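All you need for this note's numbering is the position in the sequence shown, starting with 1, plus 33. A short worksheet on the structure shown next.
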Amino acid sequence: MLYSIFSFVNNGISFILMLILANYLLPQDYGHANLYNVFVQIVSIIIALGTNGYISAAYFQKSREEIIDIITVVFSTIFAVLFFVSILIIIFPSIFSGLTGIPVFFLWLGLLVSYFQAFINITLDLWRLEEKPISYGIFSVSTATLNFIITLILIVYMNYGWTGRVYAQLAVSAIFFVVSLYAMVRKGYIVIKLPRKSIIHETLLFGLPLVPHTISFWLKQGMDRYIINYFYEAADVGLYSIALNFAAIIGIIGTAFNANNSVYIYKNLANGYAAAKSSLDKVAKVMVFLFSGLTFCVFAGTYIFIPIILPQYSGSTVFLLPLCLGALFQCIYLLYVNYLFFYKQTKRLMYVTFTTGILQCILSMWLTRYSAILTAYISASVSLITMFAVYILSRNILDKVSESEV
34 MLYSIFSFVN
44 NGISFILMLI
54 LANYLLPQDY
64 GHANLYNVFV
74 QIVSIIIALG
84 TNGYISAAYF
94 QKSREEIIDI
104 ITVVFSTIFA
114 VLFFVSILII
124 IFPSIFSGLT
134 GIPVFFLWLG
144 LLVSYFQAFI
154 NITLDLWRLE
164 EKPISYGIFS
174 VSTATLNFII
184 TLILIVYMNY
194 GWTGRVYAQL
204 AVSAIFFVVS
214 LYAMVRKGYI
224 VIKLPRKSII
234 HETLLFGLPL
244 VPHTISFWLK
254 QGMDRYIINY
264 FYEAADVGLY
274 SIALNFAAII
284 GIIGTAFNAN
294 NSVYIYKNLA
304 NGYAAAKSSL
314 DKVAKVMVFL
324 FSGLTFCVFA
334 GTYIFIPIIL
344 PQYSGSTVFL
354 LPLCLGALFQ
364 CIYLLYVNYL
374 FFYKQTKRLM
384 YVTFTTGILQ
394 CILSMWLTRY
404 SAILTAYISA
414 SVSLITMFAV
424 YILSRNILDK
434 VSESEV
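Rendered as structure tokens:
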């Protein structure tokens, strides 16, 4: 409950900030800010090559010494990818700027933010796995609050426009990057040593298939804005992004629940699936019902709310239904994907998510030119396909586990 409360507070602060910024930024500026955020998202996805996910999956199955080795591999991977991407931007600055619609200077800032946030997220994951909600809550709420304050100062009082959001993220992530390093050194998670070859192999074998998997989510939730920007204007990206941010309320709650539910699943599966089956199935059924009710409330409320409170964004309401449905399907997907992580089926997961991500990208590039609303419906349809595919895959794996336990 504490983890959920802290997650809701953090995301509530971010949501309030989004509403305030919408009153101070025109749709075009809001679109530029979102194009920058999409770039940070894609770098954040690839910077650890998926290896950071192995920390959670292995935490209850490995010794502390092995977990430290895994963390060392993750940090080494992050630094190597940072160096590689930096070289690419130095060699091809105009290409990167043209593809993202962001000036090169802000690409460098986004790269730094992604690097800092990778360490911050690992620190939060460790506190979650150690079941230390107070440390987790103080750290995460402080991050969100400081981000809120600095962003308001730069945009509202100093008139920095959308770039104020960039500078605020950079300042806050740099501060808490230092705090993260201190916390992990103090707990003995950062040591100068060469990890065992077996741990390096396991970590990369787990993480590398997740790169296409996580990129697929960027293709589904990030590429759409670049495609809209290509065919239309930054203002249209702003309208789409506002609707996406309201629909994200559903995803925020689903992700907050999953942060705790994943630990609950891993701990129970460590004792065998047969003993955990009944309680895990019950949780999944209840949450599907609750997520569905939440989706209806968010859609109905925001459809009425936006034209009244944010009249300059009233054109965004046409995107709400498909984007809310897509968020619902994503929440249900999270209920079942943890089984694939626990049983190290990341390669099979990659085939599903990357294929559906490519499918969405192709359909969006083909059909968006006719109407931007088609992009939203394509996103919802592909999310539905992905959800069903992962559900079927997880049930097949669990059936095999049940047979082996018998």
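Built from N, CA and C at the ideal position, the CB exists for glycine as well. This one's a predicted model, so the numbers in the text were calculated from it and none came from an experiment.
The segment 344-351 makes no contact with the segment 296-309: fewer than 3 CB pairs, one atom from each, lie closer than 8 Å.
For the 9 Å CB-CB criterion, L243 and L115 do not form a contact. Counting only the Cα atoms, L185 lies some 22 Å from A276. Between I260 and L327, the gap from beta carbon to beta carbon reaches 9 Å or more.
A straight-line Cα-Cα distance of about 23 Å links L227 and V211. Nearest neighbour of S412 by Cα position, chosen from Q363, K380 and Y372, turns out to be Q363.
Here D62 is buried: its Cβ has 16 or more other Cβ atoms, across all protein chains shown, within 10 Å.
Listed in chain order, the alpha helix (DSSP H) elements of length 4 or more contained wholly in the segment 136-212 are 137-162 and 166-185. Straight-line measurement puts the Cα of T335 at about 40 Å from the Cα of Y92. With a threshold of 16 other beta carbon atoms within 10 Å, N44 meets it and is buried. With contacts defined by Cβ atoms closer than 9 Å, V107 and I155 form a contacting pair. Annotation for F209: I153 and T176 place their beta carbon closer than 6 Å to its own, counting only its chain and skipping 5 residues before and after.
Around the beta carbon of I339, 16 or more other beta carbons sit within 10 angstroms, so the residue counts as buried.
The segment 389-405 and the segment 304-321 do not touch, with fewer than three beta-carbon pairs separated by less than 8 Å. For Q363, the three-state secondary structure derived from DSSP is helix. The way I'd put it, the segment 128-147 does touch the segment 67-87; three or more beta-carbon pairs between them come closer than 8 Å.
Closest option to L187, judged by alpha-carbon separation, among V174, Q202 and S173: Q202. Secondary structure note for I80: it is in no alpha helix (DSSP H), with a DSSP letter that is neither H nor E. A303 carries a coil assignment under DSSP once its states are collapsed to helix, strand and coil. Each residue's CA atom was taken as its position, placing F279 and D158 some 26 Å apart. Taking a cut-off of 8 Å on C-beta distances, the segment 367-382 touches the segment 85-102, as three or more cross pairs fall below it. In this structure, S47 keeps its C-beta atom at 9 Å or more from the C-beta atom of N262. The C-beta distance from T133 to L142 rounds to 12 Å, too long to meet the 8 Å contact threshold. Around the Cβ of E235, a 10 Å sphere holds 16 or more other Cβ atoms; the residue is buried. Of the residues assessed, A308 falls on the exposed side of the cut-off, its CB having fewer than 16 other CB atoms within 10 angstroms.
The residue among V331, I341 and L368 with its C-alpha nearest the C-alpha of L358 is V331.
Selection P126, T110, Y265 and F375 evaluated against N304 yields F375 as nearest (Cα-Cα). Scanning its chain for C-beta atoms nearer than 6 Å, with the 5 sequence neighbours on each side dropped, one finds around L396 the residues I411, in chain order.
Judged by their CB atoms, L373 and I430 are nearer to each other than the 9 Å cut-off.
In this structure, DSSP gives T419 a helical state, which the three-state scheme calls helix.
Straight-line spacing of the CA atoms in L58 and P166 works out to 35 Å.
Exclusion of the five residues before and after A216 leaves T156 as the residues of its chain whose Cβ lies within less than 7 Å of its Cβ. DSSP places V224 outside both helix and strand once states are collapsed to three, so it counts as coil. Judged by beta-carbon spacing, Y265 lies within the 9 Å limit of A405, meaning their Cβ atoms are closer than that value.
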